[in-house]
Amino acid sequence: MARALQLAEKWRGRTAPNPIVGCVIVDKRGAVIAEGAHRGPGAKHAERDALEKLGGKAPGATMYVTLEPCMHSGRTPPCVPAVKASGVARVVVGTEDPIPGHGGGIEALRRAKISVTRALVAACDASNRPFLTWSQYRRPAFTLKAAITLDGKIATVKGRSKWITGDAARADVHRLRDTHDAVLVGIRTVLADDPWLTARLRGARDPMRIVLDGKLRTPLDARLLPKQGGPRTIIVTTDQAPAAKERALVKAGAEVWRFKARANGHVPLDLLVQELGAKDITSVLVEGGGQVHASFIDRRYADELVLYIAPKVVGGPAPSWVGGKGVGTIPAAAGFVLEGPPVQLGDDLRLRFTQAPDTRIDDPPPDD
Ligand code: AOF
Ligand code: ZN
Numbered sequence: 015m016a017r018a019l020q021l022a023e024k025w026r027g028r029t030a031p032n033p034i035v036g037c038v039i040v041d042k043r044g045a046v047i048a049e050g051a052h053r054g055p056g057a058k059h060a061e062r063d064a065l066e067k068l069g070g071k072a073p074g075a076t077m078y079v080t081l082e083p084c085m086h087s088g089r090t091p092p093c094v095p096a097v098k099a100s101g102v103a104r105v106v107v108g109t110e111d112p113i114p115g116h117g118g119g120i121e122a123l124r125r126a127k128i129s130v131t132r133a134l135v136a137a138c139d140a141s142n143r144p145f146l147t148w149s150q151y152r153r154p155a156f157t158l159k160a161a162i163t164l165d166g167k168i169a170t171v172k173g174r175s176k177w178i179t180g181d182a183a184r185a186d187v188h189r190l191r192d193t194h195d196a197v198l199v200g201i202r203t204v205l206a207d208d209p210w211l212t213a214r215l216r217g218a219r220d221p222m223r224i225v226l227d228g229k230l231r232t233p234l235d236a237r238l239l240p241k242q243g244g245p246r247t248i249i250v251t252t253d254q255a256p257a258a259k260e261r262a263l264v265k266a267g268a269e270v271w272r273f274k275a276r277a278n279g280h281v282p283l284d285l286l287v288q289e290l291g292a293k294d295i296t297s298v299l300v301e302g303g304g305q306v307h308a309s310f311i312d313r314r315y316a317d318e319l320v321l322y323i324a325p326k327v328v329g330g331p332a333p334s335w336v337g338g339k340g341v342g343t344i345p346a347a348a349g350f351v352l353e354g355p356p357v358q359l360g361d362d363l364r365l366r367f368t369q370a371p372d373t374r375i376d377d378p379p380p381d382d
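FYI, the working numbering numbers position 107 of the sequence shown as 121, with every residue one higher than the one before it.
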C-alpha cells in the first residue's frame, strides 16, 4: 500500500475534483506484477490502469488500492466489474469512498467472494484530504503557508520581507504551489511583493491564482495578471469596486468575481469558499498576508498549516503572520496538531500542522 500511495502522490494537484489514487497488483508469491495511477478527470481509474497492463487478467492476485473501487459509471466505467472479471482473489483498500452512489465497492467485492481487507487507512485518508473535504463540504481544503522569524514576523518594522527564509525553503514553497489547485493571496501582498505565484521548478505545473481585492486595487501591470503570462487569475472583489477598473483587469486577462461586500467592505469568505467548491477547486494554498490568514483561521478554514521558520528575530511592532483582532481567552484560540517531525531545509525549519478536530467551531466570530 505504501507503494500505491507513492504512485498516487505523483499526480497530486493534477486530478481535481477527482482523488489521487494508486494501485499495485501483486502475484501469489508477493511479486509486483502491475502498477497504476489516476491521472485526472476522464483518465482511467488507478485499478483499470493497473489491470490493463495485465490484459485485464490477474487470477489469484492481490490488489492494493488507496481508494475503494468504484461502482458508478461517471466519466469512466465502474471499476468493481473489472476487478471481479480479472480473477483477483484479494483487494486491500485504503480510504472508503465518501461519495453517495460511488461507494459500496467493498461490499460488492465481498458479495463476489473476493476477500477485502484494509491497510494504511489513516495515511490514505490524509493523502486525499482535498478530495475528502470537497466531497463532504463542497469546498476546497485550505493550506495556510507562511515564512516567519522565530518571533512569528513576516516582515521587518520597515515592511521588508525579502528574504526571511533561504533558498531550500523557498524552493519547497514552489513544490507546494505545484501540488495545489490554486494559490490565494490578499491585495496587500500583491501591492507589497508583486508576486508571480507560479511554481518555478522543473516539471512543475502552475496553480490558478486568486486575489482577494475588495476594492480592485490590483495594479494593471501586476505580475500575476495573465497578460504577463502564466495561468488563470481570478480577482475576487465586492460591489464597492469601480466598474471601469473591472473592465481594465478583464482586458489584462483576469476573471473578476463580484460579491456583495460585508459591512466592513470585505469579501464574504463563506460565499467565496462555496463558490470555489462549486468550480471544482479542491485545494487552495493561502499565502497570506496576515489579514487573510486571520480570516481563514477565524472561520476555521485553516485545514493545514505549513510554517517555514527562519532562525532570526525581528522584534518590535513588525507584522506577524496572523493579523486580525485576535482572541481573549486560550479556549477561544484555534488549535492545531503537529503532523510529522520538523524538517530542516538549509538553516530553516518546516513545520506542518492540521487543524485540531475539536478546535471550537460552535461559536466562530462573525465573518468579517
Ligand atoms: C478517480 N480515480 O482511480 C478512482 C476513483 O466519473 P469519474 O470517472 O471521474 O470518477 C470519479 C469518481 O470515481 C471519484 O469521485 C471516486 O468516487 C471514484 N474512484 N476516481 O478519479 C480513481 N478509483
Ligand atoms: Zn473506479
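Cβ coordinates follow ideal geometry from the N, Cα and C atoms, glycine included.
These figures come from a predicted structure and were not determined experimentally.
Under a 10 Å Cβ-count criterion, residue 179 is classified as buried, with 16 or more other Cβ atoms of the shown protein chains found around its own Cβ. Bridge partners of residue 85 according to DSSP: none are assigned.
The C-alpha of residue 39 lies about 47 Å from the C-alpha of residue 166. 8 Å or more divides the Cβ of residue 22 from the Cβ of residue 48. An exposed status is given to residue 151, since fewer than 16 other beta-carbon atoms sit within 10 Å of its beta-carbon.
In the DSSP assignment, residue 187 falls within the alpha helix (DSSP H) that extends over 181 to 192. Leaving aside the five residues that flank residue 329 on each side, the residues in its chain whose CB is nearer than 7 Å to its CB run, in chain order, 165. With a cut-off of 7 Å, the C-beta of residue 84 is classified as near the ligand ZN, since at least one heavy atom of the ligand falls inside that distance. Measuring C-alpha to C-alpha distances from residue 105 to each of 42, 159 and 154 identifies 42 as the nearest. Residues of the same chain with a CB within less than 8 Å of the CB of residue 288, apart from the 5 flanking positions on each side, are 152 and 153 in chain order. In this structure, the CA atom of residue 103 is about 18 Å from the CA atom of residue 81. Counting along the chain, residue 159 sits inside the beta strand (DSSP E) bounded by residues 155 to 162. For residue 151, no beta strand (DSSP E) encloses it; the enclosing alpha helix (DSSP H) starts and ends at 143 to 151. Less than 8 Å divides the Cβ of residue 215 from the Cβ of residue 189.
Remark: the C-beta of residue 41 is outside contact range of the ligand AOF, defined as less than 7 Å to any heavy atom. Under the DSSP assignment, residue 203 falls outside any beta strand (DSSP E), being part of the alpha helix (DSSP H) whose first and last residues are 201 to 207.
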